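Residue numbers (my numbering), protein chains in the order written: chain A, 86 to 485; chain B, 733 to 827.
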């Protein structure tokens, strides 16, 4: 059975996030406004005022309360949504970790922005990177349509009885948050049907006032370790589950994104770029142009950052002649990009080949076509056995 | 090796404090234990409300502490309006 086509609207990425959340009928929404996410809160409040969204809207005094409220609502058995960015994400940090420790299936939109220290009201993925070890599932999307679709998929993934983990849907602030483009809004009853699978699954343990229990209470020694083990195992299961949900979504709504990663012209490629977020669109265009010139280049879009799609990446990259990673953040203490560092950890399985780290797009620097061309040229030279630079801060070198 | 044997039946961080030791065995810290005088107890529940580890068990018409978790802090004895709870040294109970 297929879903109806859905209404086409020209909306911003933030609005798409709000639509995605509204369509999933959350019981509780608690969110604090922060640039560039504010519009998500505004739009959700408007939905609520218009009677389209029947949720408990909690006006909070800050992000820490927002996350504690949605985590508690989720543990109690509700469906809960929040959205934040940058300083807001950092301000709720203990609650972010707590939500994961509870295994609260919250869905949060995080609109990527640079983190505190150097005030930058501008795009960058450093915020999500700062929470990569919090135990959340982290997804990165490329455009407004994918924001909406990913939030619906995120609820299916988070609340799956095999998973029961919070999911963070990340999209580039400024580039995607304010970009208006055509988005298909699925019909409510179709989204209901897509999520109805969850109702047929075993009921997760939720608050039962007649049978008081501890939630996240003091656990020590092996009891604590056992919960960590189960958490890690659930994250591993989330990888295939995400692929499955993405396929189901594609069959029903007609749009799918490849699950953990999307491969673009990688099959016969000699060199491969790994990128994420809005930079993928630009990269695709340049890959096409370079292909026309005869360079066998392919592109991998990293959609799932936590859990890290190890198996998929090994299969996609093994046997290539060089691989380059474009990071919109830095890995402090490693002097390279974080996604590059993660990929490097797969070296034994991928095999020996030049691996190049490219740092670009910090604080709203555009990841331009010439930048991607440079990445491809460097990768091509490295694949030909020429000496190469391990880490390149593209915009700074351009300035030299 | 995949671990299959778990002490908690829950997938997530829930714990059944009465029967299953996910909670820290805080009872082992205790130097004094609350002893409830069932005749004086009026079943008001103040002790249960104030108990920090929430270990007061509801019996038919009185409350008593779960000694696996009672830390012996004495708050229940202090709050009991009827003076029905007395803190007695643990040494009195060991053989």
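Where a beta carbon is used, it is the ideal one built from N, C-alpha and C, also for glycine.
Keep in mind that this is a model prediction, so the values were computed, not measured.
Alpha carbon to alpha carbon, how far is residue j from residue i? Give it in angstroms, no decimals.
i              : j              : result
residue 743(B) : residue 248(A) : 9 angstroms
residue 234(A) : residue 475(A) : 36 angstroms
residue 470(A) : residue 355(A) : 13 angstroms
residue 431(A) : residue 395(A) : 7 angstroms
residue 814(B) : residue 153(A) : 38 angstroms
residue 771(B) : residue 217(A) : 57 angstroms
residue 373(A) : residue 406(A) : 19 angstroms
residue 336(A) : residue 87(A)  : 7 angstroms
residue 167(A) : residue 100(A) : 14 angstroms
residue 473(A) : residue 348(A) : 25 angstroms
residue 436(A) : residue 403(A) : 6 angstroms
residue 778(B) : residue 792(B) : 16 angstroms
residue 481(A) : residue 733(B) : 47 angstroms
residue 201(A) : residue 182(A) : 19 angstroms
residue 442(A) : residue 366(A) : 19 angstroms
By a C-beta neighbour count over all protein chains shown, 10 Å radius and 16 as the cutoff for buried, is residue i buried or exposed?
i              : result
residue 760(B) : exposed
residue 775(B) : exposed
residue 255(A) : buried
residue 315(A) : buried
residue 199(A) : buried
residue 287(A) : exposed
residue 325(A) : exposed
residue 809(B) : buried
residue 137(A) : exposed
residue 140(A) : buried
residue 344(A) : buried
residue 95(A)  : exposed
Against chain B, with Cβ distances strictly below 8 angstroms, would residue i count as a contact?
i              : result
residue 312(A) : yes
residue 249(A) : yes
residue 193(A) : no
residue 298(A) : yes
residue 188(A) : yes
residue 162(A) : no
residue 308(A) : yes
residue 326(A) : no
How is residue i classed by DSSP in three states: helix, strand or coil?
i              : result
residue 379(A) : coil
residue 766(B) : strand
residue 405(A) : coil
residue 99(A)  : helix
residue 478(A) : strand
residue 311(A) : helix
residue 123(A) : helix
residue 251(A) : coil
residue 753(B) : Unreliable positioning characterises residue 753(B) in this predicted model, as indicated by a pLDDT of 47, which lies under 50. A coordinate reading is not provided.
residue 93(A)  : strand
residue 223(A) : strand
residue 393(A) : coil
residue 437(A) : coil
Tell me, please, whether the CB atom of residue i is closer than 8 angstroms to any CB atom in chain A?
i              : result
residue 746(B) : yes
residue 782(B) : no
residue 754(B) : Bear in mind that the predicted position of residue 754(B) carries a pLDDT of just 45, short of 50, making it unreliable; the figure below should be weighed with that in mind. So yes, residue 754(B) belongs to the interface.
residue 735(B) : yes
residue 738(B) : yes
residue 796(B) : no
List the whole-angstrom C-beta distance separating residue i from residue j, where the pair is believed to meet the contact cut-off of C-beta under 8 angstroms.
i              : j              : result
residue 238(A) : residue 334(A) : 6 angstroms
residue 386(A) : residue 361(A) : 6 angstroms
residue 346(A) : residue 283(A) : That pair is no contact at about 25 angstroms.
residue 185(A) : residue 220(A) : 3 angstroms
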